[in-house]
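J.: Residue numbers (my numbering), protein chains in the order written: chain C, 1 to 296; chain R, 1001 to 1422.
Positions of the beta carbon are idealized from the N, C-alpha and C atoms, including for glycine.
1. Roughly how many angstroms lie between the CA atoms of residue 1242/R and residue 1178/R, to the nearest whole one?
2. Scan the segment 1137-1188 of chain R and note each continuous alpha helix (DSSP H) run of 4 residues or more that stays entirely inside, going in chain order.
3. For the alpha helix (DSSP H) containing residue 219/C, name the first residue and the last one.
4. On a CA-only basis, which of 74/C, 61/C, 35/C and 59/C is nearest residue 241/C? Give me that one, please.
5. For residue 134/C, name the three-state secondary structure that DSSP assigns.
6. What are the residues in the segment 1244-1261 of chain R lying within 9 Å of chain C by C-beta distance?
7. I'd like to know whether the C-beta atoms of residue 1351/R and residue 1369/R end up nearer to each other than 7 Å.
8. At a Cβ threshold of 7 Å, is residue 1411/R touching chain C?
9. Quick one: give me the first and last residue of the beta strand (DSSP E) that residue 1371/R is part of.
10. Could you name the residues of the same chain whose beta carbon sits closer than 6 Å to that of residue 1043/R, not counting the 5 residues immediately before and after it, in chain order?
11. Can you list, in chain order, the residues of its chain whose CB lies under 7 Å from that of residue 1123/R, leaving out five sequence neighbours each side?
12. Give me the chain R residues within the contact set of residue 68/C, using Cβ-Cβ distance strictly less than 7 Å, ordered along the chain.
13. Consult DSSP for residue 1030/R and reduce its assignment to one of helix, strand or coil.
14. Return the chain-ordered list of same chain residues with a C-beta closer than 6 Å to the C-beta of residue 1047/R, the five sequence neighbours on each side being excluded.
15. Roughly how many angstroms separate the alpha carbons of residue 263/C and residue 1052/R, rounded to a whole number?
16. Chain C partners of residue 1104/R, CB-CB under 7 Å?
17. Which same chain residues end up closer than 7 Å to residue 172/C when comparing Cβ atoms and leaving out the 5 residues on each side of it in sequence?
18. From residue 1377/R to residue 1278/R, what does the alpha carbon distance come to, in whole angstroms?
19. Per DSSP, what kind of secondary structure is residue 1407/R in: helix, strand or coil?
20. Shortest alpha-carbon distance to residue 249/C belongs to which of 69/C, 285/C and 238/C?
21. With H, G and I counted as helix, E and B as strand and the rest as coil, what does DSSP make of residue 1064/R?
22. Go to residue 43/C, then tell me how far its beta strand (DSSP E) extends in each direction, as first and last residue.
23. Counting only the same chain and skipping the five closest in sequence on each side, list residues whose C-beta sits under 6 Å from that of residue 64/C.
24. Using Cβ-Cβ distances below 8 Å, what residues of the segment 228-254 of chain C are close to chain R?
25. Using a C-beta to C-beta distance shorter than 9 Å, which residues of chain C count as neighbours of residue 1213/R?
26. Could you give the residue range of the alpha helix (DSSP H) that holds residue 36/C?
27. What would DSSP say about residue 1272/R, mapped onto helix, strand or coil?
28. Using three-state DSSP, classify residue 1089/R as helix, strand or coil.
29. Given this structure, state the Cα-to-Cα distance separating residue 1323/R from residue 1233/R, to the nearest angstrom.
30. Report buried or exposed for residue 1283/R, applying the criterion of at least 16 other Cβ atoms within 10 angstroms of its Cβ.
31. Ignore the nearest five residues each way along the sequence and tell me which others in residue 1236/R's own chain have a CB closer than 7 Å to its CB.
32. Would you verify that the beta carbon of residue 1394/R is, or is not, closer than 7 Å to some beta carbon of chain C?
33. Which residue spans inside the segment 1308-1346 of chain R form an unbroken beta strand (DSSP E) run of at least 3?
34. Give me the chain C residues within the contact set of residue 1386/R, using Cβ-Cβ distance strictly less than 8 Å, ordered along the chain.
35. Taking only the alpha-carbon atoms, compute the straight-line gap between residue 1070/R and residue 1093/R and give it to the nearest angstrom.
36. Rounded to whole angstroms, what is the Cα-Cα separation between residue 274/C and residue 56/C?
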């Protein structure tokens, strides 16, 4: 029996060889840095200077760090706003695109354009568009006698300004994915539901959506991960302000490491973020699997 | 066939010799990398002469000058030093910009000979050396002295009936009220009395409000904060008066980033505290009449006679990881040579820290210099400077944007400042 094992390994050597580079890069650029971050999270010191082991002190400090709590709340506020928005708007536009016969490819390509631009460029353009006094959006609102909001200076709306920019850029991904999902639902099933007397809405709810479940689950998981990792647009548009009103978890990590030179605290925040993402992903998958089982 | 083989061997040897010669030549050519946050749209051009002179004297050596944007300076420098591939020379500045990395630079006393050190130190007051001393190491010698001053739009003040800038902070409130105007009576203010540098430019430095009331960010030995006194709260109440009660100051976020400068030249507000870099914009606005003066006097006589504003030194540091120390030292000596220091200082509107490098300044430059030399309150180096500074800025921003009242904002600044130093 023992002599069989090397034989099996040898038999699958091509497969192992093929995945080896991938595994190496995964380890070198993901697993090893993550382990290093975990080690750093138990240390105190500066980025370049010496570090000392402090046990769980960094984690205990996080609990009473008002800024981090605010950043977590802001991130959650952003997440619960942006995810329903991309799902509802993305699905409505995908359904509209799916229902038209002519120029569908043109619209699909046209709507995909924002995704091709980098988020930094998109954020800079949006920043100029909505400048409170000089921006074209504010000027148009001025002509219409509608008072332009202080997009970046009003702490109550600044996070929604970021949602708007992220929505503009991120929506095409969901539209195209949902459209692909809609087109993969067998036409016969939809027609059969109509024959059985189902309305358009009932057919959508009981035939189309259940068939799209894998795609919807994938999109939900990815949207959650991306939302929790929000950084680029905050960096370009607000730098966390005014007064931390748009500070997110990743912004807080960046600020602690590069501005405050607190590498241990930043690393412990990274670990918290990874745990948060894992928990949210696990809950998402559990809930959708539970619903799948209910449907079956 | 035999000839072909010989030919191939010869070609191979020739290629190898060429490669080795190139590699040797490349090794001979030394590149000195210099990084500095820009103070002018043509920052590179300002250093052209000194670089040219250095390269002419040191054949095979080239200087690669890179202006590094201020808002990303911390991460750029930190990652470069952490990767052990830093620039050879960096421009440091008191103000929490490069605190992370100056500890990774040479002590000037260790690398320069007595004569060289005397040449660099010539004309620089001993008291200024505190600004370039980090944990007992003298990482540089001050090169420039620069800072902020009270800047105003002469025409707008004249139109409002003021022939001179406000002399006290009470007068400043009255000026701001009169200068805040809704011309078309549509309920939207068209011109504000007072403005402040945007927080997102990392240049806001609103702690001068604390200075006016006699408080600083840190106590003398930097072991604690200094604004946890009733005077600190008074500073927050003054900000509340300008922004929330009188509504005579530009709301936070109305002119984000550098548009604040455009707004000043567009007559959108009349007075503010800003840096000497404003002079670089004057050539684009030749008809604009700018006024520069010392800060309006506050009740806190303990700090800069109640007229305190931010000032600091700029200086050149040499990275310990440099591979061309001798050449780098030569270039630094060249930079500190009054012959080259003078035109560089003039181009940026700064004052050379070497008092023997005399420069001719116009009235605007002189006013900035006077503000920096007579009323400048410098930051000091320390691992927590940025964190305490940000705690104060964040609280002031919360007050100015109406998130918190003056008492709560001040308390937040105190709590966060103390927590940063724990």
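T.: Taking the definition as stated:
1. Going by C-alpha positions, residue 1242/R is about 12 Å away from residue 1178/R.
2. You should have 1154-1159 and 1169-1179.
3. Per DSSP, residue 219/C belongs to the alpha helix (DSSP H) from 213-228.
4. Of 74/C, 61/C, 35/C and 59/C, the residue nearest in Cα terms is 74/C.
5. Three-state result, residue 134/C: coil.
6. The residues in question are 1251, 1252, 1253, 1254, 1255, 1256, 1257 and 1259.
7. The Cβ atoms of residue 1351/R and residue 1369/R sit closer than 7 Å to each other.
8. Closer than 7 Å: no.
9. First-last for residue 1371/R: 1363-1375, but that is the alpha helix (DSSP H), not the beta strand (DSSP E).
10. Same-chain partners within the cutoff: 1067.
11. Result list for residue 1123/R: 1354, 1355, 1356 and 1357, in chain order.
12. Near residue 68/C there are no residues of chain R at all, since even the closest Cβ is about 12 Å away, more than 7 Å.
13. DSSP, read as helix, strand or coil, puts residue 1030/R in strand.
14. Here the set comprises 1065.
15. Residue 263/C and residue 1052/R: Cα-Cα distance of roughly 41 Å.
16. Around residue 1104/R, the beta-carbon contacts reaching into chain C at under 7 Å are 48.
17. Closer than 7 Å at the Cβ level, and outside the excluded window around residue 172/C, lie 111, 112, 114 and 115.
18. Here the alpha carbon of residue 1377/R sits roughly 20 Å from the alpha carbon of residue 1278/R.
19. It is helical.
20. By alpha-carbon distance to residue 249/C, the top candidate from 69/C, 285/C and 238/C is 69/C.
21. DSSP places residue 1064/R in strand when its eight states are reduced to three.
22. Here the beta strand (DSSP E) through residue 43/C covers 43-45.
23. In its chain, beyond the 5 residues on either side, no residue has a beta carbon closer than 6 Å to the beta carbon of residue 64/C.
24. If the cut-off is 8 Å between Cβ atoms, the segment 228-254 of chain C has 238, 239, 241, 242, 243, 244, 245 and 254 near chain R.
25. The contacting residues do not exist; residue 1213/R stays about 21 Å from chain C at best.
26. That run of the alpha helix (DSSP H) goes 32-40.
27. Reduced to three states, the DSSP call for residue 1272/R is strand.
28. Residue 1089/R falls in the strand class under three-state DSSP.
29. Each residue's CA atom was taken as its position, placing residue 1323/R and residue 1233/R some 51 Å apart.
30. Around the beta-carbon of residue 1283/R, fewer than 16 other beta-carbon atoms lie within 10 Å, marking it exposed.
31. Answer for residue 1236/R: 1399, 1406, 1409 and 1410, listed in chain order.
32. Under the Cβ distance rule, residue 1394/R counts among the residues neighbouring chain C, one pair being separated by less than 7 Å.
33. As far as the segment 1308-1346 of chain R is concerned, its whole beta strand (DSSP E) runs of at least 3 residues are 1309-1318.
34. The contacting residues are 259, 260 and 261.
35. Annotation: residue 1070/R to residue 1093/R spans about 11 Å, alpha carbon to alpha carbon.
36. Rounded to the nearest whole angstrom, the C-alpha separation of residue 274/C and residue 56/C is 17 Å.
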